[in-house]
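Below is one structure; the comments refer to it alone.
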Amino acid sequence: MKRTSLAGDSCPVARALDVFGDWWSLLIIRDASLGRRRFGEFQASLGLAKNILATRLRTLVERGILKTVPASDGSAYQEYVLTPKGHGIFPILVALRQWTEEFDEHPNEIATILVDRDKGKPVKKLALYSQDGRVLGAADTALKPRPAAKRARRLAST
20 MKRTSLAGDS CPVARALDVF GDWWSLLIIR DASLGRRRFG EFQASLGLAK
70 NILATRLRTL VERGILKTVP ASDGSAYQEY VLTPKGHGIF PILVALRQWT
120 EEFDEHPNEI ATILVDRDKG KPVKKLALYS QDGRVLGAAD TALKPRPAAK
170 RARRLAST
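Written as structure tokens, this is what we have:
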């Protein structure tokens, strides 16, 4: 069964999910963020069938999240590295991690904590800030049409 594409959806969350594809893709991105680069490293970490891993890696390369480079050891293999677009996913991974740390039924079973590499201290919880520096929650925000989107709808209805 072919998955419905959300690439043209007007919702940015739906568009992002179209790029990531599924949880395997996010876990591959997580592993790449942790320094894994080779097919075998991803396969050993995730336990994912080789054909599924190959498909996910190919898709992440096609979508500009990963790129292939020659192996750093000079062998004939290729390695997968995050692009700037791929590095941009890091805050999303942190948000998912912090949400789990807060709401998981068994947080003590989580094997790691995210720390500042230089100081060794846990990172602060991500927060959303207003233009003037106030911390915002969901009730403090609203969605409104972009001016260009409003204009496009008006032109389409004439």
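Numbering of the sequence shown is given in my numbering, commencing with residue 20 and proceeding in unit increments. Built from N, CA and C at the ideal position, the CB exists for glycine as well.
(request) May I have a chain-ordered list of the beta strand (DSSP E) segments no shorter than 3 residues that lie completely inside the segment 88-123? (result) 97-101
(request) Could you round the C-beta distance between Ser24 and Asp37 to whole angstroms and report it? I think they count as a contact, below 8 Å. (result) Distance from Ser24 to Asp37 at the Cβ level is roughly 6 Å; contact confirmed, criterion being Cβ atoms closer than 8 Å.
(message) To the nearest angstrom, how far is the alpha carbon of Glu128 from that of Ser44?
(response) 23 Å
(request) Quick one: grab the DSSP three-state call for Leu36. (result) helix
(request) Per DSSP, which residues does Lys86 bridge with? Please list them. (result) Val100
(request) Can you give me the start and stop residues for the alpha helix (DSSP H) that Glu60 sits inside? (result) Phe58 to Leu65
(request) In angstroms with no decimal places, state the Cα-to-Cα distance between Lys143 and Ala63. (result) If you draw a straight line from the Cα of Lys143 to the Cα of Ala63, it is about 31 Å long.
(message) Pop quiz: Gly105 and Ala51 are said to be a contact at Cβ under 8 Å. What is the actual Cβ separation, rounded to whole angstroms?
(response) 7 Å
(message) Can you confirm whether the segment 51-60 touches the segment 98-113 when touching is taken to mean that 3 or more C-beta pairs between the two stretches lie within less than 8 Å?
(response) A contact exists between the segment 98-113 and the segment 51-60.
(message) Taking only three categories from DSSP, how would you classify Val142?
(response) coil
(message) Once DSSP output is grouped into helix, strand and coil, what is the label at Leu45?
(response) helix
(request) Take Pro110 and list the residues in its own chain whose beta-carbon comes closer than 7 Å to its own, dropping the five residues that flank it on each side. (result) Leu145
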